[in-house]
Amino acid sequence: PETQVEGELWMIHSGGFYQLEKKAILPTEMPRVLHWFKWEAYSTWISGIFLLGIVYYTGSGVFLIDSQIADISYGMAVSISLGTIVIAWLIYDFLWASKLGEKGWFPIIVSFVLLFGIIWWFHQWFSSRAAYIHVGAVMGTLMVGNVWRRIIPSQTQLVEAVKAGKTPDVSLGIKAKQRSIHNNYLTLPVVFIMISNHFPHTFAHQFNWLILIVIILIGSTVRHFFNLKNKGHLNIWILPAAVSAIFVLIFLTKPVERISNSPNKATFGTEHIPFTLVRTIVDQRCSSCHSSNPTDEVFKIAPKGIVFDNDKQIKALASIIKTQTVTTMAMPLGNKTGITQEERIILGRWVDEGASIE
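The sequence shown begins at 1 in the working numbering and counts up by one.
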């Protein structure tokens, strides 16, 4: 009956109108087929963990380890990775399942502090891009853990209670709703982290860990605005403040040369950088991967199809070379080939001079 309807939503989507209702139902009204919102979360996490393993745990951890950050073994790196993900879930779940989870702002503050600590922790051990992805892995694990261990069990008990004609335990629904809200606030930050490899000016920045913290706060703030709006509370200042913070962050993290690109007068005086020197650097530091026939033990095909087999190819890709090796210092990956600061300066200066191959 309509008196049992607790909430209603009309939507227009894909060329049609839809009506959704939240309602309390009798045992005789239990539908034969229920759609459970769980497989989306499970499949996303499973595929994500497989990708994490394929990208960061294979090839002796070439994407995972940066010896300039921490000269650790492959086994130790993988142990830190998996151990942190598991421990993070255990601590988070214990906090919010205990009485502490009912104490207002306290568990929220503790959760954010622990998350920010994990962000800093990963950046002490892993390559910068791996650190970002691992933060996403932790947050994604918390989200799917909420679905698997808290939300779905409470909904299962709700269905069983209705079928038995019993009054459902309201507290289970409240706790499940609490975890669902957590997932809601984590969504936008996780989406950014999933695509963060396309933004090296964030993960390769000197303050990469702090930038990620700010991005998480901005994403959570945007979700907070819409959550309040959906409840009928329009705090108009929240969204403009979050958007302004995004533009400020973009300005502060815009690509700039992280090393001095001033002329090395002691070596070259005012002369142009000879291309023969550039070619030597590229051959020694880049071509082991970026070649038609890579010699690197991990990359058997040139990443992104970028090859430096001849002079014209190097010239055509000069701007990319500068961006990756000088501006963001994202390459060589983990500085596996040991490029020096002076060599980065030489490449940057050569590009600035017009990237001549004469």
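Glycine included, each C-beta is placed from N, C-alpha and C at the ideal position.
How many Å lie between residue i and residue j at the Cα?
i                 : j                 : result
asparagine 264    : glycine 338       : Unreliable positioning characterises asparagine 264 in this predicted model, as indicated by a pLDDT of 48, which lies under 50. The coordinate reading is nonetheless provided below. Cα to Cα, the separation comes out at about 20 Å.
asparagine 183    : phenylalanine 116 : 17 Å
phenylalanine 207 : leucine 249       : 12 Å
serine 220        : alanine 176       : 19 Å
serine 127        : threonine 253     : 18 Å
isoleucine 211    : glutamate 29      : 51 Å
asparagine 146    : arginine 279      : 53 Å
phenylalanine 94  : alanine 88        : 10 Å
glutamine 19      : isoleucine 181    : 23 Å
glutamate 102     : threonine 323     : 49 Å
tryptophan 370    : proline 168       : Any answer about residue 370 is impossible in this case: the structure gives the chain only from 1 up to 358.
threonine 187     : aspartate 311     : 46 Å
serine 244        : valine 190        : 20 Å
alanine 302       : glutamate 353     : 27 Å
valine 170        : arginine 179      : 15 Å
proline 198       : alanine 204       : With the sequence shown as reference, residue 198 is identified as histidine, and proline is not the correct amino acid for it. Answer to the nearest angstrom: the Cα atoms are 11 Å apart.
phenylalanine 112 : valine 144        : 18 Å
asparagine 230    : glycine 15        : 23 Å
methionine 11     : aspartate 309     : 56 Å
isoleucine 321    : threonine 156     : 55 Å
aspartate 296     : tryptophan 39     : 39 Å
valine 298        : lysine 336        : 11 Å
glutamate 21      : isoleucine 69     : 53 Å
proline 31        : leucine 228       : 32 Å
glycine 165       : glutamine 4       : 15 Å
leucine 51        : methionine 194    : 11 Å
glycine 75        : threonine 340     : 27 Å
valine 110        : aspartate 283     : 50 Å
serine 196        : glutamate 271     : 39 Å
serine 79         : tryptophan 237    : 44 Å
tryptophan 96     : serine 47         : 27 Å
serine 98         : tryptophan 105    : 14 Å
Can you check DSSP and say which residues form a bridge with residue i?
i             : result
lysine 22     : Gly7
histidine 384 : Lying outside 1 to 358, the shown extent of the chain, residue 384 is not represented and no answer is given.
Considering only their Cβ atoms, is the gap separating residue j from residue i smaller than 8 Å?
i              : j                 : result
leucine 239    : valine 214        : no
serine 291     : valine 307        : yes
isoleucine 151 : tryptophan 209    : no
serine 58      : histidine 201     : Position check: residue 58 holds threonine in this sequence, whereas serine was assumed. No, the Cβ-Cβ distance between threonine 58 and histidine 201 is not below 8 Å.
arginine 173   : serine 154        : Arginine is not the amino acid found at residue 173; the sequence shown has glycine there. Cβ distance < 8 Å, so glycine 173 and serine 154 count as in contact.
alanine 77     : glycine 61        : yes
glutamate 343  : isoleucine 281    : yes
leucine 277    : isoleucine 345    : no
alanine 24     : glutamate 6       : yes
proline 107    : leucine 100       : yes
proline 255    : arginine 285      : no
isoleucine 357 : phenylalanine 275 : yes
Can you tell me the Cβ-Cβ gap for residue i and residue j, rounded? I've got them flagged as a contact below 8 Å.
i             : j              : result
alanine 355   : lysine 304     : At roughly 20 Å, the Cβ-Cβ gap does not stay under 8 Å, so alanine 355 and lysine 304 are not in contact.
glycine 334   : serine 67      : 7 Å
alanine 318   : valine 351     : 5 Å
leucine 64    : alanine 130    : 5 Å
tyrosine 92   : leucine 142    : 6 Å
isoleucine 72 : tryptophan 125 : 7 Å
alanine 242   : isoleucine 216 : Their Cβ separation, rounded to whole angstroms, is 12 Å, which puts alanine 242 and isoleucine 216 out of contact at 8 Å.
Comparing the CB of residue i with every heavy atom of the ligand ZN, is any distance shorter than 7 Å?
i              : result
asparagine 293 : By its list of ligands, the structure shown contains no ligand whatsoever, and the ligand ZN lies outside what it can speak to.
Three CB pairs or more closer than 8 Å across the region 82-90 and the region 127-138: yes
Contact the region 41-49 vs the region 155-165: 3+ CB pairs below 8 Å: no
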